[in-house]
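Just so we're aligned: 108 in the numbering used here is position 118 of the sequence shown, and the numbers increase by one with no gaps anywhere. All C-beta atoms in this analysis are idealised placements derived from N, C-alpha and C, irrespective of residue type, glycine included.
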Amino acid sequence: MEFNNFPAGRKVFYLFPEGLFHQAVVKHIINQEYEIYTLSDYRRGLPLIFQYNGAIVFLNLSGAPDTDKLLPSIRDFCRQGSTRSIALYFLCDADTSCPEARRLSESLDNCSFLTYSSTPDEVSAQIEEILENLEARGQRNFVRFGSNSNEIANISFKRKEKAFAGRLHDISAGGLSFSLTSGESLPLRAKLSQVTVDLGYLVEGLSGTVSLRRRLPDDTILYVLLFDKGIAVETQELLRFVIHASLQRQFITRLKQVAVPD
């Protein structure tokens, strides 16, 4: 039996994602259910990324502001990161030679060099193959935001034409968990419709079935809702984007707290 060294998945980071080309690549990775973060502040970003064991980093060299200062930082980052299963990939436009970055990648075991000259779709497929080979999803099918112990937003829905309100605890493109704000309860296999959540962006049109009830330490009943398979593709993509944006906000908050090295 094969075991995944990162059952909870590996965090993916995309440095210098400026431009429509790279934004399209990031969007594709989001829709393939990888937990990805974007940033351009490498001086704060590299020390923070180092804290995540198994991190996978893609660095767009064409968007880097000053490679003379960046590459020494990348060299030190990769040398230290080799003990934490961190992998870094330089992305270089075929019209640019990037010789210093290429030489650096050849000197480090956990640093690779990728040249691209094609469309965002083809580059996305190349990156997706790398992520699959590195088992970046782990044992998860979906990226999740929140946790059972947290209340992260309001939720509303209907059951048999009756309106309910509650608190959202966590959410993925496959389902969510919530608690009710009233003293009412829901049975297992209850069908819920017109599910709406607001995480800075309003997501509507969700529906699903209650698959699990669990009593939390404070006696709150936590319900797990699995979404129906017939949800519109546009709604699924919006949901993935909202989850990414929520995780990204958390990451940026941590990033701002990192002291900039002298």
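Quick one: grab the DSSP three-state call for residue i.
i           : result
residue 254 : Given that the chain is displayed from residue -9 to residue 252, the structure contains no residue 254 and the question cannot be resolved.
residue 5   : strand
residue 165 : strand
residue 224 : helix
residue 246 : helix
residue 68  : helix
residue 130 : coil
residue 199 : strand
residue 87  : coil
residue 81  : strand
residue 205 : strand
residue 217 : strand
residue 211 : strand
residue 235 : helix
residue -6  : coil
Does the distance between the C-beta of residue i and the nearest non-hydrogen atom of the ligand NAP fall short of 7 Å?
i          : result
residue 93 : This structure lacks the ligand NAP; in fact it carries no ligand of any kind.
With residue i and residue j assumed to form a contact (beta carbons below 8 Å), what rounded beta-carbon distance in angstroms separates them?
i           : j           : result
residue 185 : residue 143 : Contact flag wrong, Cβ pair sits at about 12 Å.
residue 199 : residue 219 : Incorrect: roughly 11 Å between the Cβ atoms, too far for contact.
residue 134 : residue 162 : 4 Å
residue 125 : residue -6  : 5 Å
residue 38  : residue 248 : 5 Å
residue 79  : residue 40  : In fact, because the Cβ distance is near 16 Å, the residues do not count as touching under 8 Å.
Around the C-beta of residue i, are 16 or more other C-beta atoms found within 10 angstroms, so that it is buried, or is it exposed?
i           : result
residue 7   : buried
residue 112 : exposed
residue 191 : exposed
residue 86  : exposed
residue 216 : exposed
residue 160 : buried
residue -8  : Reliability of the predicted coordinates at residue -8 is poor, the pLDDT of 49 falling under 50, and the value obtained from them is presented with this limitation in mind. Result: exposed.
residue 10  : exposed
residue 51  : buried
residue 94  : buried
residue 202 : exposed
residue 152 : exposed
residue 166 : buried
residue 179 : exposed
residue 127 : buried
So, does the region 193 to 200 touch the region 52 to 72, judging by three or more C-beta pairs under 8 Å?
no
Quick check for students: name the residue ranges of the alpha helix (DSSP H) that lie wholly in the region 167 to 196, counting only runs of 4 or more.
none
Run through the region 27 to 66 for me and flag every whole beta strand (DSSP E) of 3 or more residues, listed as ranges in chain order.
46 to 50
Are the region 105 to 125 and the region 6 to 23 touching by the rule of at least three beta carbon pairs closer than 8 Å?
yes
Any beta strand (DSSP E) of 3 or more consecutive residues that is wholly inside the region 95 to 164:
101 to 106, 143 to 149 and 152 to 161
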